[in-house]
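Under the numbering used here, the first residue of the sequence shown carries the number 8, and numbering increases by one thereafter. For every residue, glycine included, the Cβ atom is placed at its ideal position computed from N, Cα and C. One structure is given here, and the rest of the page talks about it.
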Amino acid sequence: MAVRPEPRSETATLNVQKLTREGSLSMHVADQLEGLITGGDISVGDRLPTESGLCESFGVSRTVIREAVAHLKSLGLVEARRGVGTTVIRTAPAEAMPAKRIRPTTVEDILHVIELRLNLEPAAAALAAERHTEEDRERILAGHRAFVEARAQHTLAREEDFEFHHAIARATHNPFFAVFFEQLNLSAIPRSKLVSSEVNTATADVYLKRVEDEHQAVVDAILARDPEQAREAMQQHLSRARQTYQQFQISDD
């Protein structure tokens with residue numbers, strides 16, 4: 008009888024890069040680990056190295072590692088069990104969709120707005136990283152905290168999402184970025200266009216946790232005064248939103 012090989016109890020060494028950026032270290036760690044898992048370098052059933060082992064591999068603190076692992080859990084890639092460790096349970100992120108289905112005309116409107124935002128907000132994030140004042144810093148942090156609290160209360164955090172992005176626009180100190188957002192108002196946030204019957208309550212929280220993590224990456228880069236990383240983080244955030252809503256467009260064709 009063929010003997011199945013035992014899963015590796017712990018991935019001994021990881022081909023990763025130590026981090027030197029001041030931006031979102033946890034997201035850099037999470038992205039590298041996600042790439043190793045989805046690329047097959049770490050298999051289903053394998054355990055991640057211990058917390059201290061990951062700290063040594065990446066050259067970061069335990070807090071950064073815990074945040075990165077929490078992000079992988081939100082994607083459904085790993086599970087953590089006391090006395091066992093963190094085990095890979097799948098090699099592709101679990102679907103985290105904000106809605107069950109969306110009307111075709113609504114999807115079209117959402118994608119048009121995201122396209123517009125993709126051409127403006129990465130630049131706004133970069134400018135905010137360069138120009139933000141202490142008052143801007145507090146406003147951005149307050150916006151992010153409000154989003155986190157709203158998600159924890161299982162709301163769709165529409166207003167909080169808008170205020171977060173509006174705070175970044177104001178931090179550019181170019182009034183036209185703020186005016187742009189004020190004119191869009193809540194229509195800038197795709198979820199504001201969804202009716203209650205379209206919302207997927209089973210997966211909305213997972214989706215919003217991903218949004219929260221992406222917001223954190225933007226915050227970290229802006230407050231570190233790293234314009235290129237801020238631009239990249241915002242670009243990634245909005246690109247993922249576009250990819251999510253494009254799936255509804257495809258399914259309705």
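With 16 other CB atoms within 10 Å as the buried threshold, where does residue i fall?
| i | result |
| --- | --- |
| Ser246 | exposed |
| Ser50 | exposed |
| Gln223 | buried |
| Glu29 | In this predicted model, Glu29 has a pLDDT of only 47, less than 50, meaning its place in the structure is not dependable; the value taken from the coordinates is given anyway. Burial call: exposed. |
| Val36 | buried |
| Ser59 | exposed |
| Phe183 | exposed |
| Thr208 | exposed |
| Thr98 | exposed |
| Val218 | buried |
| Arg88 | exposed |
Contact defined as beta carbons within less than 8 Å: I believe residue i pairs with residue j. What is the distance between those atoms, to the nearest angstrom?
| i | j | result |
| --- | --- | --- |
| Ile229 | Ile175 | 7 Å |
| Val95 | Ile44 | 6 Å |
| Ala185 | His173 | 7 Å |
| Val267 | His244 | Given a span of 8 to 260 for the chain in the structure shown, any question on residue 267 remains unanswerable. |
| Leu201 | Phe169 | Not quite, the Cβ-Cβ distance comes to about 14 Å (not below 8 Å), so this is no contact. |
| Glu233 | Ala136 | The amino acid at residue 233 is misidentified as Glu; the sequence shows Asp. Confirmed, about 6 Å. |
| Gly150 | Glu167 | 7 Å |
| Ala211 | Pro105 | 6 Å |
Note the first and the last residue of the continuous beta strand (DSSP E) segment covering residue i.
| i | result |
| --- | --- |
| Val91 | Counting along the chain, Val91 falls outside any beta strand (DSSP E), and DSSP gives it neither H nor E. |
By how many angstroms is the C-alpha of residue j removed from the C-alpha of residue i?
| i | j | result |
| --- | --- | --- |
| Ile72 | Pro129 | 27 Å |
| Arg69 | Glu141 | 28 Å |
| Val155 | Leu163 | 11 Å |
| Leu123 | Gly90 | 48 Å |
| Ala178 | Leu55 | 39 Å |
| Gln160 | Ala153 | 11 Å |
| Val67 | Glu86 | 21 Å |
| Phe188 | Leu40 | 35 Å |
| Leu215 | Glu63 | 30 Å |
| Leu191 | Ile147 | 19 Å |
| Arg158 | Ala231 | 25 Å |
| Asp33 | His78 | Checking the displayed sequence, the identity of residue 33 turns out to be Ser instead of Asp. In a straight line, the C-alpha of Ser33 is about 9 Å away from that of His78. |
| Ser199 | Leu127 | 20 Å |
Determine the extent of the alpha helix (DSSP H) in which residue i is found, giving its start and end residues.
| i | result |
| --- | --- |
| Arg64 | Residue identity check: residue 64 is Ser in the sequence provided, not Arg. Here the alpha helix (DSSP H) through Ser64 covers Glu58 to Phe65. |
| Arg165 | Arg165 to Arg177 |
| Ala157 | Glu141 to Ala159 |
| Asp53 | No alpha helix (DSSP H) contains Asp53, which DSSP labels as neither H nor E. |
| Gly47 | Taken as a continuous stretch (DSSP letters only), Gly47 belongs to no alpha helix (DSSP H), as it is neither H nor E. |
| Arg124 | Pro111 to Leu125 |
Once you ignore the five residues that flank residue i on each side, which residues in its own chain have a CB closer than 7 Å to its CB?
| i | result |
| --- | --- |
| Ala248 | Ile121 and Pro197 |
Excluding sequence positions up to five away, which residues of its chain have a Cβ less than 6 Å from the Cβ of residue i?
| i | result |
| --- | --- |
| Leu134 | Thr179 |
| Phe255 | Ile109 and Val114 |
| Asp143 | Ala178 |
| Leu125 | Leu245 |
Excluding sequence positions up to five away, which residues of its chain have a Cβ less than 8 Å from the Cβ of residue i?
| i | result |
| --- | --- |
| Gly47 | Thr98 |
| Gln242 | Leu125 and Pro129 |
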